[in-house]
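Note sheet for the following structure.
Protein chains: 2
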Amino acid sequence: MREKFLEYITTNELLESNHKILLTVSGGIDSTVMTHLFHQTDYHFGIAHCNFKLRGAESDEDEKFVHNLAMKFKKRFHIKKFNTNEYSLKNNISIQMAARDLRYSWFNELATEFSYDRIAIAHNCDDIVETLLINLARGTGIKGLTGIKPLQDLIIRPVLFASRKEIKEYASLENIKYREDSSNDDIKYQRNLVRHKIIPLFEKLNPSFSNTIIQETEILNSTYKVYNQELKRIGDAITIQKAPNPILSIPKILSLRMTSQVLYDLLDEYGFTFSDVQNIYNTLEGEP
Amino acid sequence: MREKFLEYITTNELLESNHKILLTVSGGIDSTVMTHLFHQTDYHFGIAHCNFKLRGAESDEDEKFVHNLAMKFKKRFHIKKFNTNEYSLKNNISIQMAARDLRYSWFNELATEFSYDRIAIAHNCDDIVETLLINLARGTGIKGLTGIKPLQDLIIRPVLFASRKEIKEYASLENIKYREDSSNDDIKYQRNLVRHKIIPLFEKLNPSFSNTIIQETEILNSTYKVYNQELKRIGDAITIQKAPNPILSIPKILSLRMTSQVLYDLLDEYGFTFSDVQNIYNTLEGEP
Numbered sequence: 003m004r005e006k007f008l009e010y011i012t013t014n015e016l017l018e019s020n021h022k023i024l025l026t027v028s029g030g031i032d033s034t035v036m037t038h039l040f041h042q043t044d045y046h047f048g049i050a051h052c053n054f055k056l057r058g059a060e061s062d063e064d065e066k067f068v069h070n071l072a073m074k075f076k077k078r079f080h081i082k083k084f085n086t087n088e089y090s091l092k093n094n095i096s097i098q099m100a101a102r103d104l105r106y107s108w109f110n111e112l113a114t115e116f117s118y119d120r121i122a123i124a125h126n127c128d129d130i131v132e133t134l135l136i137n138l139a140r141g142t143g144i145k146g147l148t149g150i151k152p153l154q155d156l157i158i159r160p161v162l163f164a165s166r167k168e169i170k171e172y173a174s175l176e177n178i179k180y181r182e183d184s185s186n187d188d189i190k191y192q193r194n195l196v197r198h199k200i201i202p203l204f205e206k207l208n209p210s211f212s213n214t215i216i217q218e219t220e221i222l223n224s225t226y227k228v229y230n231q232e233l234k235r236i237g238d239a240i241t242i243q244k245a246p247n248p249i250l251s252i253p254k255i256l257s258l259r260m261t262s263q264v265l266y267d268l269l270d271e272y273g274f275t276f277s278d279v280q281n282i283y284n285t286l287e288g289e290p
Numbered sequence: 003m004r005e006k007f008l009e010y011i012t013t014n015e016l017l018e019s020n021h022k023i024l025l026t027v028s029g030g031i032d033s034t035v036m037t038h039l040f041h042q043t044d045y046h047f048g049i050a051h052c053n054f055k056l057r058g059a060e061s062d063e064d065e066k067f068v069h070n071l072a073m074k075f076k077k078r079f080h081i082k083k084f085n086t087n088e089y090s091l092k093n094n095i096s097i098q099m100a101a102r103d104l105r106y107s108w109f110n111e112l113a114t115e116f117s118y119d120r121i122a123i124a125h126n127c128d129d130i131v132e133t134l135l136i137n138l139a140r141g142t143g144i145k146g147l148t149g150i151k152p153l154q155d156l157i158i159r160p161v162l163f164a165s166r167k168e169i170k171e172y173a174s175l176e177n178i179k180y181r182e183d184s185s186n187d188d189i190k191y192q193r194n195l196v197r198h199k200i201i202p203l204f205e206k207l208n209p210s211f212s213n214t215i216i217q218e219t220e221i222l223n224s225t226y227k228v229y230n231q232e233l234k235r236i237g238d239a240i241t242i243q244k245a246p247n248p249i250l251s252i253p254k255i256l257s258l259r260m261t262s263q264v265l266y267d268l269l270d271e272y273g274f275t276f277s278d279v280q281n282i283y284n285t286l287e288g289e290p
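Going down the list, the protein sequences come from chains A and B.
Under the working numbering, read the first sequence as residues 3 to 290, first letter to last.
Under the working numbering, read the second sequence as residues 3 to 290, first letter to last.
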């Protein structure tokens, strides 16, 4: 496991030897094992833990657990308590989206303030398969089918090579203690349904279903990149004047006979919703 | 149902009023209902039935059923018996692929010989969702996720708008008799698993899962078209001399840093397998 971890970091060029890394640690098995793996390397790292206060005393015990881990390894410990419910109500978004927003913006603040070069998140390769199936059910277009990337801006995912099973076996072998997540929110319910019910059925169709899907995300990712090259070309062709005061050519848009989806992807940076774009397009088509 | 059927044909420009259509009829519910729907229109049509001789006496009774249907409606009846097992062994392909090959090449022959303008196949909209999930499990890249098209060369699928449930209700309402398919081959087993086990679980994640997937195939189809535009551009850029004696530029291929998948899609017309292309690419990269 240790060797595969270092090899994965090298192969994917996730880190340079002098990099300082912020490990984001919930206290669950994946992030705790990731912390133990980093502890055995020469990398400098600190630990960040978010307390979303969604599960009362349990949330506080998670926090204490991660704090103790940081003290044991003599690492800087960053903690922040969030009022997730309030933020979710105020911004009219789901609890999950609220937790996500709060978490990522805080991590980025920490990286700036404490000069962290990378932010490490403990996704494993089963997460790739589960996320693809959840995104498929939500209908997210190709982007949601391109997998979880090992490196994306400051974010690295250095245990993405390992399956949940391998991580469990390693934790047990090394006698690594971690916190069991007792939450049963929507996300957890969806993941469990996919993990324990849907994937085993797909494995009846294809015994190496998970590997097939991981390869499939890589293929779709290369398709997505080529798609974006062409999208950029179309974007240039319809643009009369660039941002900050963009002017687009309506006759050009109509002459290219693109679908609403393609126009939506083109206008992505301007923050329109898909139905905005459909309305715009229908209006354009109605014009003489 | 009748109105929706005609509307679907018009909206998707599947037929012109003077078109002669070859209906491909197995005798199952979908194709039998399709035949009854066409019988109520002014379109000229003939009926083709393939006897794959895979289920003994039952295959012969299916043939008789479709023959009777054609006689009742006073339509030309085309029948062909295939030795599917032999063809499958001889060409080293699965029974399903063999049946598919034999079927389509015969339909095209009939179209030429008897001047049919279109070949009608009775896929319904549940087939779209099931096919996407089966292709996903097989890992077919984006092409396998772009859905079943209402119109493709000579092929039309005029009942693609209807769900299996709607077709059943219509058959029962109109007292339409059809043959139950008792086969239990691989395809049937896969379809039943997807239909009765996997889709109901996805519906727990998203109650309108099937509609979401149908929209998703349309979105992915528009992505696929844009991808192919760019692919064509890349193909032109690496081509020194065109077919029939194509010469491709190796330095160009390497400089574009494309993935094996993109190269594979580019070389599609030359009939390489994916592992051929990976080998070619690895060899190219090893060259000075």
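Backbone N, C-alpha and C fix where the C-beta goes; we use that ideal spot for every residue, glycine too.
Small disclaimer: the values here were computed from a predicted structure and weren't measured.
Its chain contains F276, V279, Q280 and Y283 as the residues whose beta carbon lies nearer than 8 Å to that of A:S262, once the 5 sequence neighbours on both sides are disregarded; these appear in chain order.
If you draw a straight line from the Cα of A:N14 to the Cα of A:P152, it is about 7 Å long. For B:I130, the enclosing alpha helix (DSSP H) stretches over residues C127 to R140. At a cut-off of 8 Å between C-beta atoms, B:E88 does not count as an interface residue with respect to chain A. Rounded to whole angstroms, the gap between the alpha carbons of B:F109 and B:L162 is 19 Å.
Just measuring C-alpha positions, the residue of B:I97, B:E5, B:F79 and B:I123 sitting nearest B:N85 is B:I97. Neighbours of A:T214 in chain B, taken as residues whose beta carbon is under 9 Å from its own, are L138, A139, R140 and G141 in chain order. Listed along the chain, the chain A residues whose CB falls inside 9 Å of the CB of B:N93 amount to none; the nearest CB is some 23 Å away.
The beta carbon of B:F204 falls within 8 Å of a beta carbon belonging to chain A, placing the residue at that interface. When B:T43, B:M3, B:D129 and B:T241 are compared, the shortest CA-CA separation from B:R193 is found for B:D129. In the same chain as A:E220, and ignoring 5 residues on each side of it, the C-beta atoms closer than 8 Å to its own belong to G149, in chain order.
Inter-residue distance for B:A101 and B:F54 is about 7 Å (C-alpha atoms, whole angstroms). Under the Cβ criterion of 8 Å, A:I130 is not counted among the residues facing chain B. Within the same chain, and ignoring the five residues on either side of A:D183 in sequence, the residues whose Cβ sits closer than 6 Å to its Cβ are G30. An exposed status is given to A:R235, since fewer than 16 other beta-carbon atoms sit within 10 Å of its beta-carbon. A:P253 is classed as exposed because its beta carbon has fewer than 16 other beta carbons within 10 Å across all chains shown. Around the C-beta of B:P160, 16 or more other C-beta atoms lie within 10 Å, and the residue is accordingly described as buried. Scanning chain A for C-beta atoms nearer than 7 Å to the C-beta of B:F211 yields A139, reported in chain order. Nearest CB-CB separation between A:S33 and chain B: not below the 8 Å threshold. Contact of B:V228 with chain A is assigned, a C-beta pair being separated by under 8 Å. Legend: CB atoms of the region 228-244 of chain A lying less than 7 Å from CB atoms of chain B belong to residues V228, Y229, Q231, E232 and L233.
Within the region 79-129 of chain A, the alpha helix (DSSP H) runs of at least 4 residues that lie entirely inside it are, in chain order, 86-92 and 97-116.
Counting only the Cα atoms, A:L222 lies some 7 Å from A:L147. Looking from the CA of B:L56, the closest CA among B:D188, B:A239 and B:E168 belongs to B:D188. By the CB criterion at 8 Å, A:L71 and A:A113 fall outside the cutoff.
The alpha-carbon separation between A:H80 and A:V27 amounts to approximately 10 Å. At a cut-off of 8 Å between beta carbons, A:V264 contacts chain B. Between the alpha carbons of A:R197 and B:L24 lies a distance of about 45 Å.
Taking a C-beta distance under 8 Å as the contact criterion, A:L233 and B:V264 do not qualify as a contact pair. For A:Q192, the uninterrupted alpha helix (DSSP H) segment begins and ends at D188 to L195.
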